Structures are given as C-alpha cells and as structure tokens.
Amino acid sequence: MIKFSNVSLVYPNSTKTVLEDLNLEISEGEMVLVIGPTGSGKSSLLRLINGLVPHHTGGILAGDVSVDGISTQLVKPGGMSHLIGIVGQNPLNGFVTDTVEEELAFGMENLNLSNDVMRKRVEEVLDLLSLAPLRARTIATLSGGEQQRVAIGAALVTHPKVLVLDEPTSALDPIAAEEVLSILQRLVHDLSLTVVIAEHKLERVIQFADRIVYINGHGETKVGTPEQIMLDSPIAPPIVHLARALGLKDIGTTVREMRRLTHEVRGKNYHEATHEVSPQTSISIKIDNLKVNYADHVAVNAFSTEIYNNEIVALMGRNGAGKSSLLKAIAGISKEVSGGVGVVGSNPQNLKGKERLECIGYIPQEPSDLLYGQSVAIECEQADVDNEINPGTTAKLLSQLVPGISGDTHPRELSEGQRLGLALSVVLSSNPKVLILDEPTRGLDYQAKRELVSILVSFAKSSNKCVVLATHDVELVADLATRVIFIADGEKVADGSTLDVLLSSPAFAPQVAKVMSPHPWLRVSDVTAAIEKL
Amino acid sequence: MKKPSLHPLTWWIWAGLLAIAIVRFQSTVLTLLCVGAVAGLVFWLREDAPWGKSFSWTLKLSLWILLVRTLIGILIGVPIPGTTLFTLPIIELPSWMPGIRIGGAVTSERLSSATIEGILICAIILIFGAAASLTSPHRLLRILPVYVYEFGVSVVIATSALPQLVTSVSRIRQAQMLRGQSLRGFRSWKRIAIPLLEESLARSLELAAAMDSRGYGISRKRSRYRPIKWRYTDYLVILSAISVVGLS
C-alpha cells in the first residue's frame, strides 16, 4: 500500500540527515508504529506519506514514496486526500470549521461529493467513533479526547485507505487514549485500513503494532516486528525493561504475554515489603475549601488538602477534571478563586516580582511560554537579572540539568526535553520553595523523562521543597510521585500514597503492577529489589 | 433565549450599512448611541469562542486611536478662532512650512473638532470589529466559492490567526507574570512580540498544511453539506441597518 524506495531526506540549512536510504513496504491492513527520540524525524516520515514533506516544508528528497501506486512527487497533498487521512500532532490547530458535523463534512465537500452521500457518511462516522451526541457541538468546547476523535473522524469520512497519526494520545488521559487506540485497532481489523502512527508512550500502543520503524535521529532506520526491535531498542516500554531485568528469553509486549512469562517469578514467596512512612514535616501548601468558578462551570469545587515539605504530589484525573485550574489557583494566577490557598504562609495572589520567584516556580503546559529570548544565553542572563543573582548562575544550572546545549541556540530549535530543561533551570535558578508543573511529559521521550525524574527527585529531597505536578502519565507517576491526588469534576476522589492509589484502579495502574499483580510493585526497580531480598 | 444563528455575511453587510449611516449622521450623539447599541449587541450575542473575545481588544485599540488622534489634533493644525482654554508654547517652524503650527492656543472649538473626528474613526473601527467578533471566520470560508481558493485560504488563516493571537497574548503575559516580570511598559511588549509572531506563523502554516492535505481547492466545484441558508432573521438584521441609514 505504501512504498518507500531508497528514500533520503535532508532539510535545507541543516547538516543533519533525517532519513537515509529507507526502504519500506507497508501492506494493506497493517498497523505500523514509528518510534525514535524527540526530533529524530518521526513527523517527517509521516508527512512524507502524503507529500506534505517536501511540498509544504521544503527539503531535499531523494528516492520515491508512493501510496497505492501514486507517487507523491507527481501529486500534491490535496490530490491524495481521498487516499490518505492525516491527523496532526495538535488537532485543534488543524480544524477548519466550527462544529463537529461541519468538520466531518469538510473533506467530502472538497471532493465535491453529493449531498446524500455526505449525509450518509457523516452518520456512519458519527456512529463509528461514538460522536453522535456531540454532532452539533462547537469543536473548541470539546475535551482533548473528543477533539482527537473528531480529527480521526474527519480523516475517515473520505474513506481513505491509509490513516496517518502523529502522537494521537500524547495529550490524552489513559482512558481516552485507550478509547482512541481501540477504535484504530477496530478500523484495522474491520476495514483493513492501513495505519501508520508515531507515539512516544510505547506502553500504550505497542500491543497494537504489527511492525515498528525505529529512527535513531542520524538517518538510520530499523524495521522489524515489535519483538525484534524491542530486543535491543533503547526506547522501550516498562514491560520490556521488566523482561530484560528478569533475564527472560522472550520479550512480551502485552500484559497478557508477560503474565504468562512471569508465572514462575510471581509464584515465589516474597517478603512483605515494609512500607516506609515518610515523616510528616511542616506544611508547604495549605488549601482550604478552594473553589474555582469560570463563567459557565465550576472547575474546582470545595477542595481542601495540605501538602508537606519533601513531597512530590501528582494530580491525576480525566481531561478537563480541573487539574490545571487547581495548579493555577495554587500559583495565584487564577482570578476566579474563592477560599483559601496558602503557599509557605503567604497568599500566592499577592506575590510579585522577586518575592514570587523565590516562593513559587511554575512550569505551564507549554514550557516555551516562559521563554522569549532569542537565544539560550540571553534567556539565562535574563533569569539572572530577574532573580538578582550572580551572572552565570542560570547557565551553570542549565549545564548541570541538561548538558550540551550551546548558548547560541534559539529556544525554538531545542528538542522538547531540552526546552523543558531550559524552562526548569530558569525557574529553579531563583530557588523556589514550591515547584508546580502542568503536564510536563507531553512529547517527551523516555530518556528525557528519566532526566526529568532525577531533576525533580533531587529538588524535592533538598531541604523544605515540594513538587506538585498534573499528569496523565501513569508510568511517570509510578517513578516519581510520593503521593497521588485523584480528581474528578473538580472534586477530590482519592488521596493517598502512590502505591495505594495506583493499585486501586486498573486503568491507572502502571504496566509493571498489572503484570506482577497481586504483588504491590509499581516499578521495575521494585521487582528487582524484592527478588534480591529472597 | 436561544441566540439566533445568522448567515456569515449578515453582520458584515450590517456593519457596512451602519458605517455609511454614521458618516451621514455627522452627529456625535447619534454616533455614540450607535456604538453603544453595537457594543451591547456584541456582549449579548457573542459566542464563547476565540473570535468572540476579540471585541474587547478592538475597544481598547480604538480608545488608543481616539487619544492619539485628539492629541495630534490639538498639537498640530491651523488655528481656529474661539474661546481659548489654555496656550501651549509654539514651536518655531522653518518659513517654507507656512500655515502649519505646532502648539499655540488651544481653543474649545479645536478640542471638540479633534475629538469628534476621532470618535467617528473609532466608531467605524468598532462597528467592523463587532462584525468580526460576531461572525465565525470558519463559516465565512464555507460560503466562499472555490475559484477564490487562494484568497479563501488566506482569509481563513488571517481571520483565525487574529483571535488566536489574542489567546496567545494572554497566555504569554500570564507566563511573564510568573517569571516575576512587570507587565507594564513598552519593554514587556517588545519581549513577547517576536515569540508571538513566530507562534502565529507556525500555527498558520499548520492550518494551511491541514487544509491542503484534506483536499481544499483540488476540485473546481465544491459541494455543500447543509448549505447555509439566508433566513428571515438575516433580513431583519439587514433591514434594521437599512432603516438606520434611512434615518440619517
């Protein structure tokens, strides 16, 4: 169905080869997963399929890409629209109309299909993706998962043979992500649709993939079945790390396979793990009956809690549950607040200038919002000035956190992980007492996530600090958090140690816990530690 | 009460007619009345969408224009006789610039004529700003014929970039506050201007790519899903504007 023959790609003004001599044939009804570190060219590979690269982006392409026998060199992306449906990284930026129905019809209007065909197909897709209750809604008011489903539906109405998706679940909570992925799998099985998908969170998608294309970022690619690629890939889900740590001969990519393979390991008689109860230190953040009201709805309702020093608290919950609103209220940048928030004894709304910087560090959902310098060096100097600290302190911190960033680089050219590192060093250079992060792992690969975990853990361990973060990433929470607060509809649903909260719900349990159930282990290191104690 | 859904061109035609009426009125009171009614209408009818929020920015912009226009009107211009309010020092100009004076006596006539002209300009800006914030740019695209394809793409991108810019500004200013920086003054704007421009450019390119990959403009003819019909409410809105023109 899709054929890459001797494809090489170089972008102008760049010395890096994105792809070199890629040969790949994807047959009908196959689901292919594209993996690689951030900035390695996954999106470029996806956009080669319908010719957006190089028609839209420029770049030098050698070799040929053809879909269903049509070469992208001869046909523009528009001419492929009946053949290929493409869903971008941020669906909201690609919507052309306002309401769900109009958006679904847009592609067919362009193909000049007759009205009765359009009506029928829109109904079909509404049913297929369970969008019928949302048909008249304004797209901007939908939740992230719903928007993603609309984007997929809009790509499907033209009955394409190929569906291309760029990180379709990166902004979604685990349940919405599962919903989207199971829809994709159903399409592959029922309609023999060919699906090409790029994703960082392998634990979510790897069980659906027939083959994996691994891009290492220097032009080299490797193609194989998930089992072949996972044997030695540095990018691997926790389940594969578990198999490696246990020294298993076979590598399972699903929880079911891994449970079969680890039957013996689980059967041994382990010592009860002793719960380390961390000593309660002084209160860092005190929230008392907090309410956040927007014009038409209540985002946070009667929320009370206390967060202590040295804690790393993860806020979890569905898209739109009120996590961001709660974080903004703690940071004191939300105006529609009633009730009390105290951060280290002061009201965050009254903090200004240097005082604010020394009290609260906040990383917004888009870390790049914090950055507006023309280069990394300028950004660091500005942070030194703002914090009234010795020149060079921020730059030094940055080189500790993420080594190897040149000062001349523009913040936009950094990879997601590096950009987050820069934002973190700008914020941490003022040595705040409380650090707040809103979904820090969007678009981060495993390597960048590991670095983030070590930075945050060492920050929280240093005296009198605490970290509060909102995230959908269960595996990150298992690695990082000491406590989890689960919210739904702005209300606290669960609050407890990471172990208790994550193990109590199967949807939010990390992969290792699912495999090793009923043993209370969340991480690979928990398992190996328990085995060593035998 | 359910807000009426109108044809995307209705508000633009309405704005054009009102602008004609305002120019013909030549009356500050009626102009202000008109602007007040328009503003009320916008705050009542606007949707909770990015373009709906753009009106308050238009309002701020036009107040600035009014201020600058009045100041210039006072400082520069031919002397108008009348009651003198106060006198500014006159700046000496070379002899080849006769008839122009900077500074000098400020009469109440001069002040009022400068203000009235300023109000007229602002009123027209505001009325078109109202049309922009009441009409979804996306719906506007749907009624455009395909042969203006390139024009259509640029219209959609331009009209959807502006409201998104407003959203981005508030997001970035919030982040600035978090970095403990002052939000006042020219410098704080200078620092976000470039990232803003970059962001909206990147967004526009993404939208253009999405429209292209979904086949916009490949067929000479474009069919319509649930065509937008011209309804009696549209006639009502237009009629109301025509009657205002008639009154003037």
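Those protein sequence lines, which keep their order, are chains A and B.
Under my numbering, the first residue of the first sequence is numbered 1, with each subsequent residue one higher.
Under my numbering, the first residue of the second sequence is numbered 1, with each subsequent residue one higher.
Glycine is no exception: its CB is placed at the ideal position from the N, C-alpha and C atoms.
Remember, predicted model here, so these are calculated numbers, not experimental data.
Residues of its chain near residue i, where Cβ-Cβ distance is below 8 Å and the 5 sequence neighbours each way are ignored
{"i": "A:ALA243", "result": "ASP250, ILE251, GLY252, MET258, LEU261"}
{"i": "B:LEU75", "result": "LEU88, ILE102, GLY103"}
Close-in-space but distant-in-sequence residues of the same chain around residue i (CB under 7 Å, 5 per side omitted)
{"i": "B:GLY124", "result": "One point to set straight first is that residue 124 of chain B is Ile, not Gly, in the sequence displayed. ALA19, ILE22, listed in sequence order."}
{"i": "B:LEU6", "result": "THR233, ASP234, VAL237"}
{"i": "A:GLU25", "result": "LYS3"}
{"i": "A:ARG266", "result": "MET516, HIS519"}
{"i": "A:VAL205", "result": "LEU33, LEU181, ILE197, GLU199"}
{"i": "A:ALA329", "result": "LEU290, VAL292, VAL300, VAL337, VAL341"}
{"i": "B:LEU134", "result": "TRP11, VAL42, LEU45, ARG46"}
Whole-Å CB distance - residue i paired with residue j, under 8 Å assumed
{"i": "A:ARG442", "j": "A:ALA171", "result": "6 Å"}
{"i": "A:LEU522", "j": "A:LEU499", "result": "6 Å"}
{"i": "A:GLY94", "j": "B:GLU206", "result": "6 Å"}
{"i": "A:SER430", "j": "A:ASN387", "result": "4 Å"}
{"i": "A:GLU41", "j": "A:LEU19", "result": "Per the sequence presented here, residue 41 of chain A reads as Gly, with Glu not at that position. Confirmed, Cβ separation roughly 6 Å."}
{"i": "A:LEU83", "j": "A:ASP64", "result": "With a Cβ gap of about 16 Å, A:LEU83 and A:ASP64 do not count as contacting."}
{"i": "B:ARG24", "j": "B:SER240", "result": "Rounded, the Cβ-Cβ distance is 16 Å, inconsistent with contact."}
{"i": "A:LEU456", "j": "A:ILE312", "result": "6 Å"}
Three-state class that DSSP yields for residue i in the structure shown
{"i": "A:LYS323", "result": "helix"}
{"i": "A:ARG266", "result": "helix"}
{"i": "A:ARG483", "result": "strand"}
{"i": "A:PRO432", "result": "coil"}
{"i": "A:SER182", "result": "helix"}
{"i": "A:LYS76", "result": "coil"}
{"i": "A:MET118", "result": "helix"}
{"i": "A:PRO506", "result": "helix"}
{"i": "A:VAL96", "result": "coil"}
{"i": "B:MET1", "result": "Model confidence at B:MET1 stands at a pLDDT of 35, short of 50, so the residue's coordinates are unreliable and nothing is read from them."}
{"i": "A:LEU48", "result": "helix"}
{"i": "A:THR528", "result": "helix"}
Other residues of its chain near residue i: CB distance less than 6 Å, five sequence neighbours each side excluded
{"i": "A:ILE531", "result": "none"}
{"i": "A:ALA321", "result": "ILE487, ALA488"}
{"i": "A:ALA494", "result": "PHE486, VAL501"}
{"i": "B:LYS2", "result": "Only weak support exists for where B:LYS2 lies, its pLDDT of 44 falling under 50; the value from the coordinates is given anyway. For B:LYS2, where only same-chain residues beyond five positions count, there are no Cβ hits under 6 Å."}
{"i": "A:PRO391", "result": "ASP384"}
Straight-line Cα distance separating residue j from residue i
{"i": "A:GLY181", "j": "A:THR169", "result": "It is worth fixing the name first, because residue 181 of chain A is Leu in this sequence and not Gly. Each residue's alpha carbon lies about 8 Å from the other."}
{"i": "A:VAL122", "j": "A:LEU134", "result": "12 Å"}
{"i": "B:LEU197", "j": "A:VAL524", "result": "45 Å"}
{"i": "A:TYR362", "j": "A:PRO440", "result": "11 Å"}
{"i": "B:MET177", "j": "A:ASN289", "result": "26 Å"}
{"i": "A:THR409", "j": "A:SER375", "result": "5 Å"}
{"i": "A:ILE60", "j": "A:LEU9", "result": "6 Å"}
{"i": "A:LEU104", "j": "A:HIS263", "result": "47 Å"}
{"i": "A:SER368", "j": "A:ALA423", "result": "7 Å"}
{"i": "A:GLY339", "j": "A:LYS291", "result": "6 Å"}
{"i": "A:THR221", "j": "A:VAL213", "result": "7 Å"}
{"i": "A:PRO226", "j": "A:ILE333", "result": "45 Å"}
{"i": "B:ILE100", "j": "B:ILE80", "result": "12 Å"}
{"i": "A:SER43", "j": "A:ILE86", "result": "11 Å"}
{"i": "B:ARG142", "j": "B:GLY36", "result": "31 Å"}
{"i": "A:ALA151", "j": "B:ILE121", "result": "42 Å"}
{"i": "A:GLY317", "j": "A:GLY88", "result": "24 Å"}
{"i": "A:GLY421", "j": "A:THR394", "result": "11 Å"}
{"i": "A:LYS201", "j": "A:ASP445", "result": "8 Å"}
{"i": "A:ARG149", "j": "A:VAL196", "result": "16 Å"}
{"i": "A:VAL117", "j": "B:TYR216", "result": "18 Å"}
{"i": "B:ALA131", "j": "B:ASP48", "result": "15 Å"}
{"i": "A:ASN309", "j": "A:ASN347", "result": "17 Å"}
{"i": "A:PRO506", "j": "A:VAL162", "result": "33 Å"}
{"i": "A:GLN207", "j": "A:THR254", "result": "5 Å"}
{"i": "B:VAL244", "j": "B:LEU33", "result": "12 Å"}
Within 9 Å, strictly: CB atoms of residue i and residue j
{"i": "A:ASP98", "j": "A:THR138", "result": "yes"}
{"i": "A:GLU30", "j": "A:ARG211", "result": "yes"}
{"i": "A:PHE508", "j": "A:PRO174", "result": "yes"}
{"i": "A:LEU327", "j": "A:ALA470", "result": "yes"}
{"i": "A:CYS466", "j": "A:LEU435", "result": "yes"}
{"i": "A:LEU126", "j": "A:VAL100", "result": "yes"}
{"i": "B:ALA175", "j": "A:LEU452", "result": "no"}
{"i": "B:TYR225", "j": "A:GLU124", "result": "no"}
{"i": "A:HIS56", "j": "A:THR72", "result": "no"}
Residue-level contact to chain D via CB, residue i, 9 Å cutoff
{"i": "B:PRO145", "result": "Although the question refers to chain D, the structure presented lacks it and instead comprises the protein chains A and B."}
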